[in-house]
DNA sequence: TTGGTATTGATAATGATTTTCATTATCAAT
DNA sequence: ATTGATAATGAAAATCATTATCAATACCAA
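Protein chains in written order, with this note's numbering: chain A, 1 to 148; chain B, 1001 to 1148.
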């Protein structure tokens, strides 16, 4: 049992509870899978994974729970050129995503301090900048080996 | 008539032709609207705009033409938290997108040279980096005024 | 233990995108 | 200019992911 993931699981459940949500069986199972996954998962993949341990859970509940977790900022949607339907455990603080194009494995990294760049861009166009995304795509070590 | 946009329109049609596509009325109309739009457009918005000038064009043709233009790299999909269905005239060379959260107005800017950052990330995780996205979101000057 | 109510899963509905297919339009070769 | 092979079109139907509906159930404060 991974202590970090165990702690994260409890923390997510705590935040859900604090928000006024009930800690039901389906929610516990969904959180459990999400916290432990190092891949970004589509709702249907998540559904399948959850049903291994909790066979009764419905797809709709998966969608609803993802929505709640996204509102809490515990999970984030991953954007890819082929579609944007995968979700990943959200980064702590302001981190960025590095995604394997082949297997969907995700890593998080701290960006440089990009604020000077933002300030220049904001000044240049008169925009008030609210948000930014930086995402890198590539091949993870395993997929590099596999394709060599 | 804007000479730059006129030139861009001809260039897109040329590239479509070179690729083996026929230069049909519907395609000309769709290209014309896309080249002139400074906003990122959803397929349905594009459809509506095209039908002002070319009433007979079907929505399916809009989808098909967007697909062809995306393959040619002339148009790019814009990613937003609320969904990822808008398309924008693609940047020249390697530029990044600055998008107004309210009205969808888009600007393109040259990024700093981010390669040192990529090199560090690649080394740290053993990834082979293929692609990157940097996107900024904010309020354009007009929308700032409107909300003040 | 109980009761009020949030949550659930099955089903149906929705909405965007794709596929199908008969008709039409383009354009290279006359 | 005409022709003809075939790419492209638009209408309609199909598909797919996501969302809404609703009666039954499970949670949890009292």
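Think of the CB as a built atom: it goes at the ideal place given N, C-alpha and C, for glycine as much as any other residue.
Cross-chain neighbours of residue i in chain A, by beta carbon under 9 angstroms
i	result
residue 1141 of chain B	125, 126, 127 and 128
Residue i, DSSP secondary structure in three states
i	result
residue 1092 of chain B	coil
residue 127 of chain A	coil
residue 114 of chain A	coil
residue 67 of chain A	helix
residue 1121 of chain B	helix
residue 100 of chain A	strand
residue 23 of chain A	coil
residue 1028 of chain B	helix
residue 51 of chain A	helix
residue 148 of chain A	coil
residue 57 of chain A	coil
residue 73 of chain A	coil
Euclidean distance between Cα positions of residue i and residue j
i	j	result
residue 1073 of chain B	residue 1090 of chain B	7 angstroms
residue 1050 of chain B	residue 1029 of chain B	6 angstroms
residue 1069 of chain B	residue 13 of chain A	46 angstroms
residue 79 of chain A	residue 1055 of chain B	34 angstroms
residue 1058 of chain B	residue 1045 of chain B	13 angstroms
residue 101 of chain A	residue 142 of chain A	12 angstroms
residue 134 of chain A	residue 1038 of chain B	23 angstroms
residue 113 of chain A	residue 127 of chain A	19 angstroms
residue 34 of chain A	residue 1146 of chain B	41 angstroms
residue 61 of chain A	residue 75 of chain A	16 angstroms
residue 52 of chain A	residue 1106 of chain B	45 angstroms
residue 1032 of chain B	residue 1009 of chain B	6 angstroms
residue 111 of chain A	residue 1087 of chain B	27 angstroms
residue 116 of chain A	residue 122 of chain A	10 angstroms
residue 1097 of chain B	residue 1040 of chain B	11 angstroms
residue 1015 of chain B	residue 1103 of chain B	30 angstroms
residue 18 of chain A	residue 1081 of chain B	25 angstroms
residue 136 of chain A	residue 1120 of chain B	12 angstroms
residue 1138 of chain B	residue 77 of chain A	19 angstroms
residue 67 of chain A	residue 21 of chain A	13 angstroms
residue 1130 of chain B	residue 24 of chain A	42 angstroms
residue 43 of chain A	residue 1026 of chain B	37 angstroms
residue 95 of chain A	residue 1125 of chain B	15 angstroms
residue 99 of chain A	residue 140 of chain A	8 angstroms
residue 3 of chain A	residue 47 of chain A	24 angstroms
residue 1064 of chain B	residue 1071 of chain B	11 angstroms
residue 1083 of chain B	residue 1108 of chain B	20 angstroms
residue 1085 of chain B	residue 85 of chain A	12 angstroms
residue 1132 of chain B	residue 118 of chain A	17 angstroms
residue 1005 of chain B	residue 1148 of chain B	33 angstroms
residue 7 of chain A	residue 1144 of chain B	42 angstroms
residue 1036 of chain B	residue 92 of chain A	41 angstroms
Chain-ordered neighbours of residue i on chain B, where CB pairs are closer than 8 angstroms
i	result
residue 101 of chain A	1130 and 1131
residue 79 of chain A	1079, 1084 and 1133
residue 138 of chain A	1122, 1127, 1128, 1129, 1130 and 1131
Residues bridged to residue i [DSSP beta-bridge criterion]
i	result
residue 78 of chain A	A/86
residue 1138 of chain B	A/129 and B/1100
residue 1108 of chain B	B/1097
residue 16 of chain A	Bridge partners of residue 16 of chain A: none, in fact.
residue 1039 of chain B	B/1105
7 angstroms Cβ cut-off: residues of chain B touching residue i
i	result
residue 98 of chain A	1121, 1125 and 1127
Contact set between residue i and chain B, taken where Cβ atoms lie within less than 9 angstroms
i	result
residue 144 of chain A	1126, 1127 and 1128
Proximal chain A residues relative to residue i, where beta-carbon distance stays under 8 angstroms
i	result
residue 1109 of chain B	121, 124 and 125
Beta-carbon neighbours of residue i, restricted to chain A and to distances below 7 angstroms
i	result
residue 1118 of chain B	136
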